[in-house]
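Peer 1: Take this structure first; my questions come after.
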DNA sequence: GTGAAAGCGCTAACAG
DNA sequence: CTGTTAGCGCTTTCAC
């Protein structure tokens, strides 16, 4: 491989001049510049990244720590990060922790040890790795550039940017969508409290905002499986005054409900509208395609990378907590209540399990 | 950050000695070694990767070029590569070409330009990027370490390892599974010729091997969508002598068929067994879980990485074409024909479209 | 068994 | 505007 010296010799200038041309630093005559550029082309010269890194203390590498790749959520994030990183001239080092705590901790050290310039970390879940959390805080305070994606840390002072999803907005959109389409009896198929609290809040809030009363008997608790959704779907059928729409805590539950209703001859969305959450790939496969609130996975990654790149390029300013809104994707499983469609007919059986 | 000099000073030895300890090269007294190790620990010293790379011409980085991340096939490969790479002390640089030809070509240059030590490349499809193919060949001949994953190159001499999937084996397994369970009337829902030729061969071969005659009217051509499978599923119902089993060219087609049959009251697998291909995530979600031939995605990545690491660690030997077999995963959608189950009753309508 | 010193390819004072 | 030179942190002769 040609080195900067070869280029200098070829162009009959000093290495400094070549370096100047390469980095657009210092002033160089147009004539000289041209000569150098020609030499670079002729020798197909590219600066050696290791030498550059050694000298300038910047590797042009960023690390992305995720628990696993084979998961649409994380791979979409990775895609977002990669796209931004590449455009900014950084390469992406992919670090799969596999949920292993010590590995995650190790990867963090890539930043202080000059393996990479900065790092984006997405934890498997909240509080999944206290040791890593504390080390992250430590490194952040030391000024190392990190961006945390979804790892909420209880700390007064922020020492890195923090990106997260706000599902409340999406929930509100979903509710507005349903309400505007005339639905007032909207069931909520919620998950265990912790996961779904924001969503339940959104559900309640949207109803109240319209002056509608929140009906306890339309709020169901469930786990997050297809089966659970299926069971609730069947349950709904026996309501004295059945809902015309369902808002589910996630797509699996929503799909379970759809399947149950369909098997009992209920047409979706003509008779019941269904909204899911997450936008898993399956959501756009099943018939009818599921209207759902999508996590902005790709944008989460994109934004995280943008913040990191900003820092790495010398950007300053306060660290922020940035919350991206989950947004509604309207597909086929929801429809206006107005129209010629027949809705579920009430029968006299009780609605509670 | 502490440098090797700091360690040397702390341990009261020369940097040479520290380097020897770090690399297990040259002889060092146990006493000295211990002293050095203690100093390393005390200073939390870690060698600077850039300096190392510059000096030794090895970055300990490998690149993985894939078309996209948000695709279970490629992310599983990436996971396999990453796992092996990490264990061998390499970091993984993730290169998303997004199918862009020039980008793919660029990424190739990371190897000769010392960005990475070696590279694994998975193309979007056969012949998708002739320019990259030719450059790859060129670089391979120059001795740069590459592994190609599924990019079949028509070239007499192999200049890198080539990993691919052999779907014939999987097809044979699927057929044996069906045959051993008593199925003899097995329909083949095949795709366009190019994709499915090996599979169709496997289908034919397995039947012939059992002395069964290949019945033309049981072989269907289709595109690779759910809808296509659905239509074929309906078609099957009208066969005069309907099949007791279906082998589909991929999971989507298989699932389409399952849905069609179920909607017409046919029970799977009691009345018809169905086998898919690929093992997409959906395959283990739908009821019944789909028996399918799985591409060894993860192992493909693992193997590619192993070959590359082997080369990078100085391993020599002929370049090889390694073919990994796709294997059958038996789930719920297939069942023995023997037993008390009632199979599809023939009616008199014609079977052809 | 240990150390001195050269130099990998590059950038950045500093001098002219 | 251009060149000389030191040195980033490390490995590796070569000498002792």
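Residue numbers (our numbering), protein chains in the order written: chain A, 1 to 353; chain B, 1 to 353. C-beta atoms are modelled at their ideal positions from N, C-alpha and C, and glycine is treated no differently.
1) Spell out whether any CB of chain A is found under 9 Å from the CB atom of residue 265/B.
2) From residue 119/B to residue 279/A, what distance separates their C-alpha atoms?
3) Given that a residue counts as buried once 16 or more other Cβ atoms are within 10 Å of its Cβ, and exposed if not, what is residue 160/A?
4) Is the number of C-beta pairs between the region 44 to 55 of chain A and the region 270 to 277 of chain A that are closer than 8 Å three or more?
5) Within the 9 Å Cβ cut-off, does residue 71/A reach chain B?
6) Confirm, please, whether the CB-CB distance from residue 62/B to residue 77/B is below 9 Å.
7) Between which two residues does the beta strand (DSSP E) holding residue 250/B run?
8) Could you check which residue in 91/B, 90/B, 138/B has the C-alpha nearest to that of residue 108/B?
9) Alpha carbon to alpha carbon, how far is residue 131/A from residue 245/A? Give it in angstroms, no decimals.
10) Between the C-alpha atoms of residue 353/A and residue 235/A, what's the straight-line distance to the nearest angstrom?
11) Sorted by chain position, which residues of the same chain lie with C-beta nearer than 8 Å to residue 348/A's C-beta, five sequence neighbours on each side aside?
12) What is the C-beta distance between residue 13/A and residue 35/A, in whole angstroms, given that I count them as a contact (C-beta under 8 Å)?
13) What's the C-alpha gap between residue 267/B and residue 290/B?
14) Whole-angstrom Cβ separation of residue 293/B and residue 174/B, contact assumed at under 8 Å?
15) Check each residue of the region 19 to 43 of chain B: if its Cβ is closer than 9 Å to any Cβ of chain A, include it; give the result in chain order.
16) Whole angstroms are fine: how far does the CA of residue 47/A sit from the CA of residue 311/B?
17) Taking the alpha-carbon of residue 288/B as reference, which of 296/B, 264/B, 103/B, 259/B has the nearest alpha-carbon?
18) Of all the options 69/B, 301/B, 145/B, 331/B, which has the alpha carbon lying nearest to the alpha carbon of residue 83/A?
19) Below 8 Å, how does it come out for the region 207 to 216 of chain A and the region 167 to 186 of chain A: are there three or more Cβ pairs, yes or no?
20) Compute the beta-carbon to beta-carbon distance between residue 17/B and residue 32/B, rounded to the nearest angstrom, for a pair I have assumed lies under 8 Å.
21) Alpha carbon to alpha carbon, what distance is there between residue 135/B and residue 45/A?
22) Sort 315/B, 10/B, 59/B, 332/B by Cα distance to residue 275/B and report the nearest one.
23) Just to check my reading of the structure: residue 253/B and residue 189/B have Cβ atoms closer than 8 Å, yes? What is that Cβ distance to the nearest angstrom?
24) Determine the burial state of residue 117/A: buried for a count of at least 16 other Cβ atoms within 10 Å of its Cβ, exposed for fewer.
25) If you draw a straight line from the C-alpha of residue 104/B to the C-alpha of residue 299/B, how long is it?
26) Of all the options 57/B, 30/B, 22/B, 3/B, which has the alpha carbon lying nearest to the alpha carbon of residue 43/B?
27) Quick one: using the 10 Å Cβ neighbour count with 16 as the cut-off for buried, is residue 142/A buried or exposed?
28) Judging by CA-CA distance, which residue of 26/B, 27/B, 21/B is the nearest neighbour of residue 38/B?
29) In the DSSP output, what is residue 122/A paired with across the bridge?
30) Could you check whether the Cβ of residue 346/B sits closer than 9 Å to any Cβ belonging to chain A?
31) Can you check whether the CB of residue 97/A is closer than 9 Å to the CB of residue 124/A?
32) At 4 residues or longer, and completely inside the region 90 to 124 of chain A: list those alpha helix (DSSP H) runs for me, N to C.
33) Would a check of beta-carbon distances place residue 114/B closer than 9 Å to chain A?
34) Interface residues of chain A around residue 313/B at Cβ under 8 Å?
35) Under 7 Å Cβ-Cβ, which residues of chain B neighbour residue 49/A?
36) Taking the alpha-carbon positions, what's the residue 168/A to residue 197/A distance?
Peer 2: Quick look at the numbers:
1) In the second chain, residue 265/B corresponds to position 265, counting from 1. Judged by the 9 Å Cβ criterion, residue 265/B is not in contact with chain A.
2) Sequence index remark: in the second chain, residue 119/B carries index 119 (1-based). Sequence index remark: in the first chain, residue 279/A carries index 279 (1-based). The straight-line gap from Cα to Cα measures roughly 34 Å.
3) Looking up residue 160/A in the first chain gives position 160. It counts as buried.
4) no
5) Position 71 of the first chain, counted from the first residue, corresponds to residue 71/A. Yes, residue 71/A counts as interfacial toward chain B.
6) Here residue 77/B corresponds to residue number 77 of the second chain, with the count starting at 1. Here residue 62/B corresponds to residue number 62 of the second chain, with the count starting at 1. No, they are not a contact pair.
7) As a first step, residue 250/B is located in the second chain; it is residue number 250 there, counting from the start. Careful: residue 250/B lies outside any beta strand (DSSP E) and carries neither H nor E.
8) Numbered from its first residue, the second chain carries residue 108/B at position 108. The residue with the shortest Cα to Cα distance from residue 108/B is 138/B.
9) In the first chain, counting from the first residue as 1, residue 245/A sits at position 245. In the first chain, counting from the first residue as 1, residue 131/A sits at position 131. If you take the alpha carbons of residue 245/A and residue 131/A, they lie about 44 Å apart.
10) Taking the first residue of the first chain as 1, we reach residue 353/A at position 353. Taking the first residue of the first chain as 1, we reach residue 235/A at position 235. Because residue 353/A sits at a pLDDT of 37, beneath the cut-off of 50, its placement in the model cannot be relied upon, and the following sentence gives the value as read from the coordinates. Approximately 7 Å, taken between the alpha carbons.
11) Here residue 348/A refers to the residue found at position 348 of the first chain. Its pLDDT being 33, under 50, residue 348/A is placed unreliably in this model, and the value from its coordinates should be taken loosely. Counting only Cβ-Cβ distances below 8 Å, and skipping sequence neighbours, we find 240.
12) By one-based count along the first chain, residue 13/A stands at place 13. By one-based count along the first chain, residue 35/A stands at place 35. With 8 Å as the limit, residue 13/A and residue 35/A qualify as a contact, their Cβ atoms being about 7 Å apart.
13) The residue given as residue 267/B occupies position 267 in the second chain. The residue given as residue 290/B occupies position 290 in the second chain. Answer to the nearest angstrom: the Cα atoms are 14 Å apart.
14) By 1-based counting over the second chain, the position of residue 293/B is 293. By 1-based counting over the second chain, the position of residue 174/B is 174. That pair is a contact at about 5 Å.
15) none
16) Against the second chain, residue 311/B aligns to sequence position 311. Against the first chain, residue 47/A aligns to sequence position 47. About 25 Å.
17) Position 288 of the second chain, counting from 1, holds the residue named residue 288/B. Nearest C-alpha to residue 288/B: 259/B.
18) Stepping through the first chain from its first residue, residue 83/A is reached at position 83. It is 69/B.
19) yes
20) Mapped onto the second chain, residue 17/B falls at position 17. Mapped onto the second chain, residue 32/B falls at position 32. Sure, about 6 Å apart at Cβ, within 8 Å.
21) As a working note, residue 45/A is residue 45 in the first chain. As a working note, residue 135/B is residue 135 in the second chain. Distance between the alpha carbons of residue 45/A and residue 135/B is about 17 Å.
22) Taking the second chain and counting its residues from 1, the one referred to as residue 275/B is at position 275. Closest option to residue 275/B, Cα to Cα, is 332/B.
23) Start at 1 with the first residue of the second chain, and residue 253/B comes out as number 253. Start at 1 with the first residue of the second chain, and residue 189/B comes out as number 189. Correct: roughly 5 Å between the Cβ atoms.
24) Taking the first residue of the first chain as position 1, residue 117/A is located at position 117. Classification of residue 117/A: buried, given that the 10 Å Cβ count is 16 or more.
25) The residue you call residue 104/B lines up with position 104 of the second chain. The residue you call residue 299/B lines up with position 299 of the second chain. When rounded, the distance between both Cα atoms is 23 Å.
26) Residue 43/B sits at position 43 when you count from the first residue of the second chain. The candidate whose alpha carbon is nearest that of residue 43/B is 3/B.
27) Numbered from 1 along the first chain, position 142 holds the residue referred to as residue 142/A. It is exposed - the Cβ of residue 142/A has fewer than 16 other Cβ atoms within 10 Å.
28) The residue you call residue 38/B lines up with position 38 of the second chain. Closest option to residue 38/B, Cα to Cα, is 21/B.
29) As a working mapping, residue 122/A is identified with position 122 in the first chain. None; residue 122/A has no bridge partner.
30) The residue you call residue 346/B lines up with position 346 of the second chain. The predicted position of residue 346/B is uncertain, since its pLDDT is 40 and thus under 50; a value taken from the coordinates is nonetheless stated next. No, residue 346/B does not count as interfacial toward chain A.
31) Taking the first residue of the first chain as position 1, residue 124/A is located at position 124. Taking the first residue of the first chain as position 1, residue 97/A is located at position 97. In contact: residue 124/A and residue 97/A (Cβ atoms closer than 9 Å).
32) 101 to 108
33) The residue given as residue 114/B occupies position 114 in the second chain. It does: the Cβ of residue 114/B has a partner Cβ on chain A nearer than 9 Å.
34) Along the second chain, one-based indexing puts residue 313/B at 313. Per Cβ cutoff of 8 Å: no residues; residue 313/B is ~19 Å from chain A at best.
35) Translated into the one-based positions of the first chain, residue 49/A becomes position 49. Those within 7 Å of residue 49/A in chain B are 114, 115.
36) The residue you call residue 168/A lines up with position 168 of the first chain. The residue you call residue 197/A lines up with position 197 of the first chain. One C-alpha to the other measures close to 9 Å.
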